[in-house]
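Student: Can you read through this structure? Questions will come right after.
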Amino acid sequence: MNIHDVKMLIEEGEGFELEFKRKVSSPEKIAKTISAFANTNGGIILFGVDDDGSLIGVESEKSEVDLIREAGEYYCNPPVALEVSFVPYNHKDIIVVTVEESDTKPHFVVTGESSGKAFIRVKDKSVLASREVIKVLRDESSDKSLTLTIGTNEKRLFEFLEANEKITVTEYSNLINVSRRRASRILTTLVRAGVIRIHTLEKTDYFTLASPSEEFADNHKEQFRTPRQR
């Protein structure tokens, strides 16, 4: 990659698979973005680029690069492999970090807590993954067989979605009068089976049939960028 390639990326603006960082900050903050990209569709982090797309460059000293590598190796569990390259700019460098979509999801950010937090990419942000998303990510990486039974609860869900397009875990729990935990389990099983899809906003998730109406999809297309269905 050269400076022309970097400028072409910057013209696209920050988004689902691209993030700008003015400088190399703490490994915890870097790990958050790495986790989100690895758990979703992969992406590129450009260090030395301001939020408005201005090229600034960073001093690519060994300590800076070590922080980036530490973020992927020691602050992500399981570790995330990174491809790090350098593009010269005004006696400094633009550091280009490429994160591939992972086959061992979910990746958690470890910060000394007993259990880390997983992140996914939503539009141009790295957001905290819900319990349902984490379950879906685990299922994506699992080779376990799936047994799916369509009963009364599932049929009521399909009828509701045909009429209302989308539903949350809480709404489904109330609809079929079961605990939130059981409602969540039914929904994530159906996601794994490819019958419904999970969609993440910044503060909540919702579920739709796997083939939503064209009108609904057109109106919400920016929200349909979710962990890739396999």
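Heads up: the sequence shown at position 229 corresponds to 257 in our numbering, and the numbers run straight through without jumps. Glycine is no exception: its CB is placed at the ideal position from the N, C-alpha and C atoms. The structure displayed is predicted, hence computed values, not measured ones.
What is the DSSP secondary structure of SER239, reduced to helix, strand or coil?
Tutor: The answer is coil: DSSP assigns SER239 none of H, G, I, E or B.
Student: Under the DSSP definition of a beta bridge, which residues are partnered with ILE122?
Tutor: According to DSSP, ILE122 bridges with VAL115.
Student: Count the other CB atoms within 10 Å of the CB of THR68; is the residue buried (16 or more) or exposed (fewer)?
Tutor: Burial call: buried.
Student: Between which two residues does the beta strand (DSSP E) harbouring ILE214 extend?
Tutor: Premise fails: ILE214 lies in the alpha helix (DSSP H), 208 to 220, not in any beta strand (DSSP E).
Student: Within 10 angstroms of its Cβ, does LYS163 collect 16 or more other Cβ (buried), or is it exposed?
Tutor: Buried, by the Cβ-count rule.
Student: If you reduce the DSSP assignment to three classes, tell me which class SER154 lands in.
Tutor: Note: SER154 maps to strand in three-state DSSP.
Student: Using the Cβ count rule (16 or more neighbours within 10 Å means buried), how would you classify GLY140?
Tutor: Classification for GLY140: exposed.
Student: For LEU215 and ASP131, I'd like the C-alpha separation in whole angstroms.
Tutor: LEU215 and ASP131: Cα-Cα distance of roughly 22 Å.
Student: What's the call for THR198, buried or exposed, on a 16-neighbour Cβ count within 10 Å?
Tutor: Exposed: under 16 other Cβ atoms inside 10 Å.
Student: Among residues of its own chain, excluding the 5 on either side of PHE75, which ones have a beta-carbon nearer than 6 Å to its beta-carbon?
Tutor: Only LYS49, VAL52, VAL86 and ILE123 meet the Cβ criterion.
Student: Would you report the Cα separation of ARG210 and HIS227, rounded to the nearest angstrom?
Tutor: The alpha-carbon atoms of ARG210 and HIS227 are separated by roughly 19 Å.
Student: Answer with buried or exposed for SER201, where buried requires no fewer than 16 other C-beta atoms within 10 angstroms of its C-beta.
Tutor: It is buried - the Cβ of SER201 has at least 16 other Cβ atoms within 10 Å.
Student: Pop quiz: LEU166 and PRO134 are said to be a contact at Cβ under 8 Å. What is the actual Cβ separation, rounded to whole angstroms?
Tutor: Per the sequence presented here, residue 166 reads as Arg, with Leu not at that position. ARG166 to PRO134, Cβ: 6 Å. Contact.
Student: For the 8 Å Cβ check, are there 3 or more pairs between the stretch 110 to 129 and the stretch 150 to 160?
Tutor: The answer is no - the stretch 150 to 160 does not touch the stretch 110 to 129, with fewer than three Cβ pairs under 8 Å.
Student: VAL137 and SER63 - do their beta-carbons sit closer together than 8 Å?
Tutor: Result yes, Cβ atoms of SER63 and VAL137 sit closer than 8 Å.
Student: Based on the DSSP output, what are the partners of ALA59 in its beta bridges?
Tutor: DSSP, once it has assigned bridges, lists no residue as partnering ALA59.
Student: Across which residues does DSSP place ALA146 in a beta bridge pair?
Tutor: Answer is PHE136.
Student: Go ahead and label ALA109 buried or exposed: buried means 16 or more other beta carbons lie within 10 angstroms of its beta carbon, across all protein chains shown.
Tutor: Its Cβ having fewer than 16 others within 10 Å, ALA109 is exposed.
Student: Measuring only the C-alpha atoms, how far is LEU189 from LEU237?
Tutor: One C-alpha to the other measures close to 7 Å.
Student: From which residue to which residue does the beta strand (DSSP E) around LYS49 run?
Tutor: 46 to 49 is the span of the beta strand (DSSP E), which, as asked, contains LYS49.
Student: In angstroms with no decimal places, state the Cα-to-Cα distance between ILE148 and THR180.
Tutor: Computed Cα separation, rounded: 32 Å.
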